[in-house]
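A.B. asks: Residues 787 to 1057 (my numbering) make up the sequence shown, in order.
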Amino acid sequence: MSTTRRPLKSLGQNFLVDQNIIDKIIRSANIDPQDAVLEIGPGRGALTEHLAQRVGRLVLIEYDHALAASLAEHYQNDPRVTVVDADVLTVDLAKLLGETTSSWKLVANLPYNISSPVLFKLLENRALFSKMVLMLQREVGERLVALPGCSDYGVTTALLGLWFDMRREFIVPPGCFHPRPKVDSAVISFVPLTKPRVEVGSEETYRRVVKGAFAMRRKTLSNCLKATKLAAPEELNRLLDFCGIDGQRRGETLSMEEFAFLSRCLSEGHE
Ligand code: SAM
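1. Within this structure, are the beta carbons of residue 984 and residue 970 separated by less than 8 Å?
2. Look at residue 923 and residue 901 and say whether their C-beta atoms are less than 8 Å apart.
3. Quick one: is the Cβ of residue 927 within less than 7 Å of any heavy atom of the ligand SAM?
4. Beta strand (DSSP E) containing residue 957: first to last residue?
5. Return the CA-CA distance between residue 834 and residue 792, expressed in angstroms with no decimal places.
6. Under a Cβ-count criterion, where at least 16 other Cβ atoms within 10 Å of its own Cβ denotes burial, should residue 828 be classed as buried or exposed?
7. State buried or exposed for residue 1025, treating a residue as buried only when at least 16 other CB atoms are found within 10 Å of its CB.
8. Exposed or buried, which one is residue 818 when buried takes at least 16 other CB atoms within 10 Å?
9. Using a C-beta cutoff of 8 Å, does residue 968 count as contacting chain D?
10. Do you know how far the Cα of residue 825 is from the Cα of residue 851?
11. From residue 937 to residue 859, what does the alpha carbon distance come to, in whole angstroms?
12. Which residues in the same chain as residue 1057 place their Cβ atom closer than 8 Å to its Cβ, once the five residues preceding and following it in sequence are excluded?
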């Protein structure tokens, strides 16, 4: 199942070539023989081969038509494996996976150029999954697991952290791929929560508060929030006081609980 064509940079094709890392990713997913697994971007099948040996059902979404065709041919006699030749960003995951089993695992060495939209798509579709193990650019991975006050802490930390327990499994150096990427990668595991980590009132308001708070990193929280137009400036100041949050702080110093408190007050028309 390999094509000899040169890897496509436009599709983020950095193929895993290090067996030790491949084994560690598979171990991180805690695969059971009855598991149903989705792999995004199987590429030349470095992870796929190991998954296919271990799982009850395997769905592969690959956007490179030549690689998808090669995978389809390779697994044509294996009824457990389905190859979907498509852009993961346009696939209706609930329709594709939802009808067969309610709990999928996801394993992916993601193309770095689409990691953010894929993360937000997975956030939307979190109910389909019991565990996800993703290889991401290290910088993106570090942001997900950052703590308040760190420069890495940001929108993705607070939005994905609301719905997932996220853990940095290990770091992967460029030499484990062909071709070598310019930066380190990180393998992050995600376990969806059954309810949000903190009560936020309206999720849309929470999203707007978080995005607003990080929109201008050099500005104070008070100024950032005013730009969101979630409430009149004097009302926002009153609310910050009510929540015991100093408006002169920077967004990155707020805990998720503080974002949630603000969001609840704004959602409920204040207290
Ligand atoms: N899983 C393989 C491995 O670890 O060696 C390949 C990983 S490579 C970093 C990313 C893979 O995602 C490539 O095979 C690429 O063609 C595929 N890909 C890129 N964009 C995609 C998209 N929008 N939807 C689905 N697959 C995509």
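Backbone N, C-alpha and C fix where the C-beta goes; we use that ideal spot for every residue, glycine too.
C.D. replies: This is what the structure gives:
1. no
2. yes
3. no
4. 950-958
5. Each residue's Cα considered, the two are about 20 Å apart.
6. With 16 or more Cβ atoms within 10 Å of its Cβ, residue 828 is classed as buried.
7. buried
8. exposed
9. Of the protein chains in the structure, only one exists, and it is not chain D.
10. 16 Å
11. Rounded to the nearest angstrom, the two C-alpha atoms are 46 Å apart.
12. Confidence at residue 1057 is low in this model, with a pLDDT of 44, below 50, so its placement is unreliable and the value that follows should be read with caution. Excluding sequence neighbours, residue 1057 sits near 1028, 1051.
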